[in-house]
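Novice: Numbering (my numbering), first residue to last: 34 to 127. Idealized CB from N, CA, C, for every residue including glycine. This structure is a prediction, so every number in the text was calculated from the model and none was measured. Sharing a structure here in structure tokens format.
What follows is the structure, given as structure tokens:
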């Protein structure tokens, strides 16, 4: 035996509109977070802000730029830190 529920058309349209809103909200909530601020190698970071590799490493040692240790020998720099550096020290970005 099958059951049937009769719903007025206006109520049905309200129901489907609400369902679409809920599905859109759920999909927006389920989207993955933005890509992490992955560190980039020293040479690439230096080219990004228009410095030599040695100048970039000097800025890191002086505490003007935060670096991330990639291994025993190499440093990496996050793009967000590199983007802040020229503004903070009044340098022209390359």
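So, using beta-carbon positions, are residue 85 and residue 79 closer together than 8 Å?
Specialist: Contact flag set, yes.
Novice: Using the Cα positions of residue 49 and residue 83, report the straight-line distance between them to the nearest angstrom.
Specialist: Taking the straight line joining both Cα atoms gives about 55 Å.
Novice: Would you grab the beta carbon distance between residue 107 and residue 74 for me? Rounded to a whole angstrom, and I think it's under 8 Å.
Specialist: Contact flag correct, Cβ pair sits at about 7 Å.
Novice: Assign residue 102 to one of three DSSP states: helix, strand, or coil.
Specialist: It is a strand residue.
Novice: Between residue 39 and residue 111, what straight-line distance do the alpha-carbon atoms span, to the nearest angstrom?
Specialist: Approximately 59 Å between the Cα atoms of the pair.
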